[in-house]
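Peer 1: For the sequence shown, the tail end lands on 478 under UniProt numbering, and the numbers increase by one without skipping.
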Amino acid sequence: AQAEIGLIGLGVMGSNLALNIAEKGNKIAVFNRTAERTREFYEEAGSLKDQIVPCETIEEFVAAIRPPRPIIIMIKAGDPVDQQMELLKPFLEKNDIMIDAGNANFRDTMRRFDALKDSGLTFIGMGVSGGEEGARHGPSIMVGGKEDSWKRVEKVLTSIAAKYNDEPCVAWLGENGAGHFVKTIHNGIEYADMQMIAEIYGILRDGLNMSATEIGKVFDTWNKGRLNSYLIEISGTVLETADPLTGKPIVDMILDKAGQKGTGKWSVIEAQNMGVPATAIEAAVAARSLSSMKDEREAAEKTLGLPGLSALSVSDRDAFIKDLESALLAGKIGAYAQGFAVMSAASKEFGWNLPMPTIAKIWRAGCIIRSQFLDEITSAFTAAPDAANLIVTPAFSTMVKETDGALRRVVSAAVLAGLPVPALASALGYFDSYRRGRGTANMIQAQRDFFGAHGFDRIDGADNHHGPWGSGLVAGA
Ligand code: NDP
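1. Which residue spans inside the region 66-111 form an unbroken alpha helix (DSSP H) run of at least 4?
2. Measuring only the C-alpha atoms, how far is Arg437 from Thr304?
3. Looking at the structure shown, is Val144 part of a helix, part of a strand, or coil, going by DSSP?
4. So, at 6 angstroms on beta carbons, what are the nonlocal neighbours of Ala361 in its own chain, with the 5 sequence-adjacent residues on each side left out?
5. Contact defined as beta carbons within less than 8 angstroms: I believe Gly265 pairs with Tyr202. What is the distance between those atoms, to the nearest angstrom?
6. Should Ala381 and Leu391 be called a contact, given that it needs their Cβ atoms to be closer than 8 angstroms?
7. Need the endpoints of the alpha helix (DSSP H) that Trp223 sits in, please.
8. For a minimum of 4 consecutive residues, which ranges assigned as the alpha helix (DSSP H) are wholly contained in the region 329-389?
9. For Leu117, which residues in the same chain have their Cβ closer than 6 angstroms to its Cβ, ignoring the five residues on either side in sequence?
10. Go ahead and pull the three-state DSSP assignment for Lys323.
11. Could you tell me the boundaries of the beta strand (DSSP E) in which Pro469 lies?
12. Three Cβ pairs or more, each shorter than 8 angstroms: is that satisfied between the region 401-418 and the region 313-328?
13. In its own chain, which residues sit with a C-beta less than 6 angstroms from the C-beta of Ala338, not counting the 5 before and 5 after it?
14. Where does the unbroken beta strand (DSSP E) through Phe124 begin, and where does it stop?
15. Measure from the alpha carbon of Phe182 to the alpha carbon of each residue in Asp461, Phe351, Pro81, Ala426, then state which is nearest.
16. How would you label Val171, buried or exposed, when you count the other beta carbons within 10 angstroms and need 16 or more for buried?
17. State whether the region 446-463 contacts the region 413-430, with contact taken as three or more CB pairs (one from each stretch) at a distance under 8 angstroms.
18. Under the three-state reduction of DSSP, which class applies to Val31: helix, strand or coil?
19. Which runs of the alpha helix (DSSP H), 4 residues or longer, sit entirely within the region 244-292?
20. Report the option in Gly79, Val269, Val475, Ile29 whose CA atom is closest to the CA atom of Ala279.
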């Protein structure tokens, strides 16, 4: 029998995804630019060999797949994907589906989708989360493309996706770039989630002078409560792991310079393009950039010194650690609210009709931000589908009211002690600005009108007025 699906690119993600597909009983044809890798992959496939058709030419590869042919391309993102598609195209037939499963910028996905519009071929942009482990045993999969194309791959993708209470973490989210856009925002939220965990770790380490092992135990406890999530779980494990070379906690031996590959930055750029505040995600991306400037930071510490108020002032240590837990939950709510607000704006801008409860649902397992918390987001959006923002849904407004006091106490204490908490503080600033009916932009409008005659609307209903600047009229005179 012919293969049900094909896959190009037997790197870390592609080979694991291919083994997952084969293991779930789907026959798969595989191809890699370097044929040696294909042979090696096949040799290592063991008992799954029967389900795998290793191919060394594109021609042979295409012929091995049942039409209309779904072909997953899991290679280095960017130009390689365009090159690979060009090489593949001459061998394909009407209705065949090229599926880019790498971390593409959704704007590239939109372009690739459009470019194939009149060719008879179709395109799917598919976000895959969960890293190597997810790809092998069940990732979270975000699909964008034509609904017909989705129908062709639904069965295979459902069989390989992670399951949460037996529900598969895969869904068709909309046309063209919808899947890759949602994956981008997933990663943006992931940046914020990780940064907030790192900030709380910093308070415990530098404010309460706790050892990595002690902090690990705190995280283990939190993982049994409302913060239960993959990231908290691995953070606990990370903190309790020893360095084989020195025997010290490994985390203390790791250089404090974070890498990034671009998806966090893209989510911030797209949020800014649409005028949606995503301050916690922005703070997290900026924090990674600042972290990478290690030499500059060390030089600045010599010049400026650390803020003088270095002792964290905490009267009841246990109560403060409880506050840290609630503060992290509150910060997380802010970050997710912002991520979902960006998706909601994009859904309108690009005509996707993104299903918010479903997005939260397919993130509950398989992906890096998987958590119990996402189940609460699904319920909140299902109960209040027209809510303007996650934080004003009945369920989350209650959670914000329960936790924002702790966030305020933690941010204040950290600020006074000179401990950086940019993402947590951004979430707090977001809550405080979002919930305040009368803000301070009247002042901005007055300034804009003063220097640039931009005009302003009045609170008594009249639009586009100008101030009597320079008229000599004096308030309170
Ligand atoms: P690897 O570096 O392990 O593998 C890269 C693959 O791309 C190899 O098969 C390589 O083939 C192929 N390749 C590179 N350039 C070309 C080209 N010009 N033409 C054809 N094939 C090419 O990458 P990963 O598996 O880590 O990543 C693949 C994609 O998945 C990326 O888009 C990545 O962002 C995304 N991703 C990665 C995750 C991860 O945790 N690693 C998580 C989620 C998504 P060859 O053997 O011939 O060099």
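Where a beta carbon is used, it is the ideal one built from N, C-alpha and C, also for glycine. Keep in mind the model is a prediction, meaning the values are calculated, not measured.
Peer 2: Result, derived from the coordinates:
1. 80-89
2. Translated into the one-based positions of the sequence shown, residue 437 becomes position 436. Translated into the one-based positions of the sequence shown, residue 304 becomes position 303. Each residue's alpha carbon lies about 39 angstroms from the other.
3. On the sequence shown, residue 144 is found 143 positions in, with the first residue counted as 1. Three-state result, Val144: strand.
4. Residue numbering aside, residue 361 sits at position 360 when the sequence shown is read from its first letter. These residues qualify, in order along the chain: Leu375, Ile378, Thr379.
5. As a working mapping, residue 265 is identified with position 264 in the sequence shown. As a working mapping, residue 202 is identified with position 201 in the sequence shown. Rounded, the Cβ-Cβ distance is 19 angstroms, inconsistent with contact.
6. Counting from one through the sequence shown, the residue named residue 381 turns up at place 380. Counting from one through the sequence shown, the residue named residue 391 turns up at place 390. Yes, these two residues count as a Cβ contact at 8 angstroms.
7. One-based indexing of the sequence shown puts residue 223 at position 222. Where Trp223 is concerned, the enclosing alpha helix (DSSP H) stretches over 213-223.
8. 357-363, 374-384
9. Here residue 117 refers to the residue found at position 116 when the sequence shown is read from its first residue. For Leu117, where only same-chain residues beyond five positions count, the Cβ hits under 6 angstroms are Phe124.
10. Counted from its first residue, the sequence shown places residue 323 at position 322. Of the three classes helix, strand and coil, the one that applies to Lys323 here is helix, per DSSP.
11. To locate residue 469, count along the sequence shown from 1; it is residue 468. Segment: none, Pro469 is in no beta strand (DSSP E) and carries neither H nor E.
12. yes
13. In the sequence shown, the residue the question calls residue 338 occupies position 337. Hits under 6 angstroms: Asn390, Leu391, Ile392.
14. Translated into positions along the sequence shown, residue 124 becomes position 123. That run of the beta strand (DSSP E) goes 123-130.
15. Here the question's residue 182 lines up with position 181 in the sequence shown. Restricting attention to Asp461, Phe351, Pro81, Ala426, the CA atom closest to the CA of Phe182 is found in Phe351.
16. By one-based count along the sequence shown, residue 171 stands at place 170. Buried.
17. No: fewer than three Cβ pairs fall under 8 angstroms.
18. Counting from 1 along the sequence shown, the entry for residue 31 is found at position 30. Note: Val31 maps to strand in three-state DSSP.
19. 264-275
20. As a first step, residue 279 is located in the sequence shown; it is residue number 278 there, counting from the start. Considering only alpha carbons, the answer is Val269.
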